[in-house]
Amino acid sequence: MNEEQDCVILKSCSRFLPPQGVKLSYGTAGFRADASLLPSTLYRVGILAALRSLKTRSVIGVMITASHNKVSDNGVKIADPNGGMLSQHWEPFADALANAPSPQHLLLLINEFVEKEGISMDGVRQVEVLLGRDTRPSGDALLEAAKQGVTSIVGAVATDMGILTTPQLHWMVRARNKGMEASEQDYFEQLSSSFRCLVDLIPTEKSKLDGVDNKVVVDGANGVGGVKLEDLGKLLNALVIEVRNSGEDGGVLNDGVGADYVQKEKVVPHSFGSKDAGMRCASFDGDADRLVYFIVPPESSGRIDLVDGDKILSLFALFIREQLSFLNEEEDIKNCHQARLGVVQTAYANGASTNYLKQLGLEVNFTPTGVKYLHEKAAEFDIGIYFEANGHGTVLFSESFIGWLEARHNKISSGSKDSEGEKAALRLLAVSKLINQAVGDALSGLLLVEVILQHMGWSIHRWNELYHDLPSRQLKVKVADRTAVVTTNAETVVVSPPGLQEVIDEEIAKYPQGRCFVRPSGTEDVVRVYAEASTQEAADTLANSVAKLVDQFLGVQYEHVHPKPRKLPFPFWTKPECDESLLLHYLSNGWHDEARYLLHNSSAGDLHARLIRWTSLLSNFSRHGYVSEARALFDIMPHRNLVTCNAMLSAYLRSGMLDEASRFFQTMPERNVVSWTAMLGGLSDAGRIEDARKVFDVMPEKNIVSWNTMVAALLRNGDLDEARMVFEETPCKNVVSWNAMIAGYVESGRMDEARALFEKMEFRNVVTWTSMISGYCREGDVEGGYSLFWAMPERNVVSWTAMIGGYAWNGFHEEALLLFLHMLRVSDAKPNGETFVSLVYACAGLGFSCLGKQLHAQLIVNSWGVDDYDGRLRRALVRMYSGFGLMDSARNVIGGNLKDCDDQCFNSMINGYVRAGQLERAQEMFDMVPVWNKVATTCMIAGYLNAGQVFKACNLFNDMPDSERDSIAWTKMISGYVQNELIAEAICLFAEMMAHGVSPMNSTYAVLFGAMGSVAYLDQGRQLHGMQLKTVYEDDLLLENSLIAMYAKCGEIDDAYRIFFNMTYRDKISWNSMIMGLSDHGRASEALKVYETMLESGIYPDGLTFLGVLTACAHAGLVDKGWELFIAMVNVYAIKPGLEHYISIINLLGRAGKVKDAEEFVLRLPVEPSHAIWGALIGVCGLSKTDSDVARRAAKRLFELDPLNAPGHVALCNIYAANDRNIEETSLRKEMRIKGVRKTPGCSWILVKGTVHIFSSDDKLHPRV
C-alpha cells in the first residue's frame, strides 16, 4: 500500500483501540460479544469488507446483529458476493485483524495480506460495502465504527442500508452482484409479487376447503423481524398477519420470545396464551433468519405443540415434489428436464422426519452439522432443500434449472398456459423468487409456508400430522478410555472397537422403528448412547441394552489406562489366531521378517476380519506403551485402511509424541473427521492452543466431538470469550458441550454467565448441578449453592462432597459436619477421600480436638482412608492435629518414616511446634526437610522472633534466596522486630524490602502503623500512610483499624475519626479503637455517642468497649453514667469485669471526689484486690487533701503485697506533704532510702529529622538547646 493509505488507516485506527484481555474469533455467526467490546472490531471488519470488495470486485455486505443473543450483546458478519458467508479462507485474517494489539500491528497485517492476495490498492477502483443493522440500541454506534473502517480504505464507499433483517442484507448483496435492483422496497416487491403469483395459482377447490384460514399470528422476538413483517404485510391481500412482540411495545429482544426460545423451551412466548388455542402461530428469532411454527393446545399450561424446521422441510419437499411430478407428466413437451431434487439433513434429525422423506421417494443426504455444509450440499442439486430443527434453512435452485424453467415458459403457446405442467413451472419460478436463496429467511419462509398450506388446503393441525417424532432416550456409559470408540458416517456407525456395531445392529433389529448410535464424549471418559423407537419404553430399553453392550466391550478391556505410556512385561495373552507376546518380542528386537511371517500365518478370515485384528493389535500395543512396536507393526501390515491409520495417529498422540503425530497426519493418504479430531485433541492436550485452533479452522468436517474438544481447549487456556463463541457456533450441542462451558465460567468465577447457561439447558445431569454448586461455594455464595443442592433431582457422592466442602472452606464448619451425617442417613453415597479432606478441615476449623479424633478413628475403623492415593487426607490430618497443638498425634499420622513426608506435612508440623512453643522440636523437624521451602523457613523465622531470638531469625532470613523472600517473609521479619520493640530496625527493614522490589501487603503496613502509634512517630506514620495510598489501592479492615489506632495514639484524633467515618464496613475492633481514642483524648461525649451508634448498628460491645466508655466517663466526671454502663456490662451483656474495669470505676469515683466510695467499692470486690487496685486507690487519694486516712490504709495493703512499689511510696509521700503531715512524710522517705525504693524518672521524646531526642525529668539541659 502507498504511504497515503497507511496514514489514513493509522489516523482512523487510533480512535478504535481494542479492549484489553479480549480475544475474538470469527465463526459461522461472525464476531459476537458484549456490545461494549465491539467498536474496535466493527472498525476492523469495515476494513476487511472493503478489502474483500476490492479482491472480488463485487459488492460486499456487513450486517451488525447478534441474532438470538441477549440485547446487550451484538455482533457483525460479512456477506460475500453470492450473499453467503465469508469465505473460510479469509476467516483467519478476520481473527488476526480483530485481535491486532496496536495500530502499527494492524497496518502490518493489512500490508502483508494485501500483498499475499494481490489486492490492488491504487485508489482508482471504486468499491461499495452495504451496511445493515438490527434494532439493538448499540447498533448506531457500531455502524459508525464500521463506516470509519470501510472509508479508511481509499476508494471504498460505505452505504448505510438502514435497519434490516440479516437475510434482507444478504439478499441485497446477492441481488446487487447479479445486476438487480436491491433496495428494501425491491425486496418487499419481489416477495409480495411472488407470493401473489403463487396465491393466484392455488387450485380453487383447495382454497375453499374447511379449516383453511388466511390468518397467522407471529411472534417477532421484539426484534427487527416483527417490524419488517408488518411492513411486508401491508402489500399482501391474501394473508392476514398479526404481529406480536414487535419490539414497539417495550418488550426486550429475545427475552422469553423468539424462535430459539420457543424451539428449545417448547413453551408459549410472551403475549401468547390459551386465547390462541388452535390458531396458526409462528415465531421469528432476533434477526429473522429462523422460523418455527407452533400450536397452543387447549388447557396447555404454557406448553405447545412445536412444528419445527424438520416439518417445514417436509412441507416444502412435498410441494416441490408435486410440482416436479406435474412437469415430468407433460406429454407434449419433448426433452423434459428431469430435475434432481435433493433433501439435506444432519445426522441428528429425528428419524421420523427422515423416514417420512424417504417414503416420499426423495433423496435424503446427510452432512456434518453446520449451515455451511448443508448449503454446499444443497447447491449440488437442481433443487436442494435444507432445514435444521431450529428453523434455519432455505431452498436452492440451480441457475441451469431456472434457465430451463424460464425458457420453457417463454416457448409455451398462449393456448396451453392452463396446463398443470405450465402451472407447475410458474409455481417453481415463483418459489425461486420468493425464497431467499442466499440464507435462511423467516419472512420469505413464512410466506412460502402460508401459500403452500393454502395450496394444499391444510390447516396447521393437518400439517403437524405428517409424522410424529419418534420417542428417544440419551444415556452415557463410563469407560476407561473414550478414544477407544471411533465412529464414521456422521457418528452413526462404530468402526472401533471391532464387532461393537454388529451387536448394536442386532439389538436395534429387535425394536420397531429402532435406531441407535453411540459416540464418545468430547470431555469426559464416557460414551453417549442415543436411541429411538416406536414407544418411549422401547427407546429406553434399547438405550439401556446398547449401554450394556458398550460396557461389555469397553468396561473391562480398557480398565487399566496409564496417563503416560510405560513398558510392561508382555501383558498380552496367547490366542490361537496369534501369539501376541511372540509378535511383540519380534517387533521389539527389529526382527520384522519373522514378525511379518507370524502375522501372515496366524491371521484367518477375510481381508476385513484381518484388518480388524491387526488394528486391534496395534491399539493394544500402543496402549501399553509399546509405541515404536506399534509403528513397526503398522509398517509391516500388508493392508491398511483409514481406521488403522487413525489408530496409529491416536497412538502417537496418546503418548505425547506430537511431532511424530503431525508428520504421520500429513502423510495419511486420506483423513476423516476422526483423524482431524484426534489431531485437534492431541494439540489441545499439549497446550498448543494456537495450533489446535488452526487445525480446527481448516477441518473439512466437524462433529460434536470436534466442537467440544475445541471449546475444552480454549477453556483450559483461559480464553473464555473465544470458547463461548465456539460454543455458540456448535451446531448441535450435547450435555457435554453445556457442562464444559458452564465449568469454564465456574472456574473463572463468572457465575452470572454460568447461571445463564445453566438456566438455558434443557437437559441437565448431575455434573451440571455439581459444577454450579461448586462455583457458588467457591465464590462464597454458600446459600446459593445450598439452594441448588436441594433442588437437584439426583445426587451422588461428588454432589454431597461439593456441598460439604463448600461449607467447610467457607467457614461453616458445623454445617459441613451436620450435612455429612445427613448424607449417611438418607443416601447410599459412600464418602470418598475428598469428602474426608473437607470434614477434617471442618473439625480443625471448629477447634474441637475430640471431634477431630473421633473422625480420625472412624476413618481407621471403617478403612475409609485406604484410597488416599495422593496423600491429601494425610496432609489434612497432620494440619488438623498441628492446629490443635497435638503434635504427637500429628507425628503418628506421618508414621515412623519421615523420608516419605512431603513439604506440606513438614510445614504443618513445624508451624504446630512453633505455635506450641516447642522451638527445639520445630528446629529438629526443620533440619529434616530435604529442601528448604519458603513456608517452612518463614515458620521458623516467626518461631525465633516469638522467642526473642532475633539474631537467629535474621540469619535464617538472610540465608533465604531472594526468589523465596516474598512479601510474607518480609512482613514476618518486620512484625518480629516490632514485637521485640526494635522499631527503628523494623523501619529500616521495610525500606530494604522496598529496595528489593517486593510489594508490601496490607498487613505489612498494618504492623508498621501499629509501631508508629506505639512510639507516637506521627511524621513517619504519615509518610507510611502516603506510601500505602500509592501502593495499595484497596483498603481492608485490618489496614483501616491500624490507621485509626495510629492516629489516635499520635494525638491526631480528628484524622482517626475521618478514617473511621469513611469506612464502608466496621467490625468491633473499629468501634473499640475509635471509642478508646476519643476517651484517651478526653472527648467523652463523642466517645459515648460512638458507643450508642455502635449499639444501633447491631454490634454487641465487649470488655474493651466498656473499658473505653468507663474511661471516658471517668475523665468527664459522669459518675451516674459510668455506674449505669458498669451495671449493664455485668447484667445485660454478661461480661465478667476484669482488673482494668475495676480500676476504671475507682478512677471514676476518685476523680469525682468520692474516695471513700471508691474504698468501699474495693472492699466489696468479689476478688481479692491486687496491688494494681490498691495502687489505683492511692492514686485517686492524691486528688484530694481530705483522704489521707484512706491512702494510708490502701498503702498498708499495697506494701504488704509489693513492699518495693515505688509509685505507691511516692504517691503516699505526696499525700502526706499535701496535708502538712511532715513527720509521716519524712519517716516514709527515710524508709524508702533504707529499702532502696527509687521511682523511675519520667521521660518524653520528639522525632526531628529521623532522630529521636529523649528528655528525662532529671535532665538539666538538652545538648541541642
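Heads up: the sequence shown begins at 1 in UniProt numbering, then just goes up one per residue.
All C-beta atoms in this analysis are idealised placements derived from N, C-alpha and C, irrespective of residue type, glycine included.
All figures in this text were calculated on a predicted structure; none of them were measured in a lab.
For residue i, three-class secondary structure by DSSP
i: alanine 842; result: helix
i: tyrosine 745; result: helix
i: glutamine 20; result: coil
i: glutamine 666; result: helix
i: valine 1130; result: helix
i: lysine 11; result: helix
i: tyrosine 386; result: strand
i: cysteine 901; result: coil
i: glycine 61; result: strand
i: methionine 180; result: coil
i: proline 565; result: Note that proline 565 scores a pLDDT of 33, beneath 50, so its modelled location is shaky and nothing firm can be said.
i: cysteine 281; result: strand
i: glutamine 126; result: coil
i: methionine 85; result: strand
i: phenylalanine 884; result: helix
i: methionine 172; result: helix
i: glycine 415; result: Because glycine 415 sits at a pLDDT of 46, beneath the cut-off of 50, its placement in the model cannot be relied upon, and the following sentence gives the value as read from the coordinates. Helix, per DSSP.
i: threonine 488; result: strand
i: isoleucine 153; result: coil
Whole-angstrom C-beta distance between residue j and residue i, which should lie under 8 Å
i: valine 527; j: valine 550; result: 5 Å
i: leucine 1107; j: glutamate 1140; result: 5 Å
i: glycine 27; j: methionine 725; result: 6 Å
i: valine 216; j: proline 520; result: About 44 Å; that fails the 8 Å criterion.
Cα-Cα separation between residue i and residue j, rounded to whole angstroms
i: valine 950; j: valine 978; result: 11 Å
i: residue 1287; j: glutamate 406; result: No answer is possible for residue 1287: it lies beyond the span of the chain, which begins at 1 and ends at 1265.
i: valine 798; j: alanine 743; result: 15 Å
i: alanine 509; j: glutamate 184; result: 54 Å
i: glutamate 729; j: serine 737; result: 11 Å
i: valine 76; j: aspartate 276; result: 36 Å
i: phenylalanine 1161; j: leucine 1037; result: 39 Å
i: glutamate 992; j: phenylalanine 812; result: 41 Å
i: phenylalanine 1255; j: alanine 936; result: 44 Å
i: serine 1175; j: glycine 1236; result: Note that residue 1175 is glycine in the sequence shown, not serine. Roughly 19 Å between the two C-alpha positions.
i: cysteine 13; j: serine 102; result: 9 Å
i: lysine 830; j: alanine 480; result: 21 Å
i: glutamate 388; j: leucine 357; result: 14 Å
i: valine 439; j: arginine 663; result: 39 Å
i: alanine 651; j: leucine 720; result: 30 Å
i: methionine 1012; j: lysine 972; result: 17 Å
i: arginine 303; j: valine 252; result: 21 Å
i: valine 1032; j: serine 36; result: 29 Å
i: cysteine 7; j: isoleucine 153; result: 11 Å
i: glycine 1028; j: alanine 1006; result: First, the amino acid is wrong: residue 1028 is glutamine here, not glycine. Rounded to whole angstroms, glutamine 1028 to alanine 1006 spans 10 Å at the Cα level.
Unbroken beta strand (DSSP E) run spanning residue i, endpoints
i: cysteine 516; result: 515-520
i: phenylalanine 366; result: 363-367
i: cysteine 796; result: The sequence shown places asparagine at residue 796, rather than the cysteine named in the question. Unbroken run through asparagine 796: none, as it is neither H nor E.
i: serine 655; result: Segment: none, serine 655 is in no beta strand (DSSP E) and carries neither H nor E.
Span of the alpha helix (DSSP H) around residue i
i: glutamate 1096; result: 1084-1096
i: glycine 1010; result: 1002-1015
i: glycine 44; result: According to the sequence shown, residue 44 is arginine rather than glycine. Its alpha helix (DSSP H) spans residues 39-56.
Contact with chain D by residue i, beta-carbon distance below 7 Å
i: alanine 533; result: Protein chain content of the structure displayed is limited to a single chain, and chain D is not contained in it.
### Query
Looking at C-beta atoms only, is the number of pairs between the segment 217-235 and the segment 76-85 that lie closer than 8 Å three or more?
no
### Three CB pairs or more closer than 8 Å across the segment 318-329 and the segment 249-266
no
### Query
Is there contact here, the segment 39-51 with the segment 96-111, by at least three beta-carbon pairs under 8 Å?
Touching, per the Cβ criterion.
### Query
How do the segment 167-182 and the segment 118-133 stand: do at least 3 beta-carbon pairs fall below 8 Å, yes or no?
They touch, by the three-pair rule.
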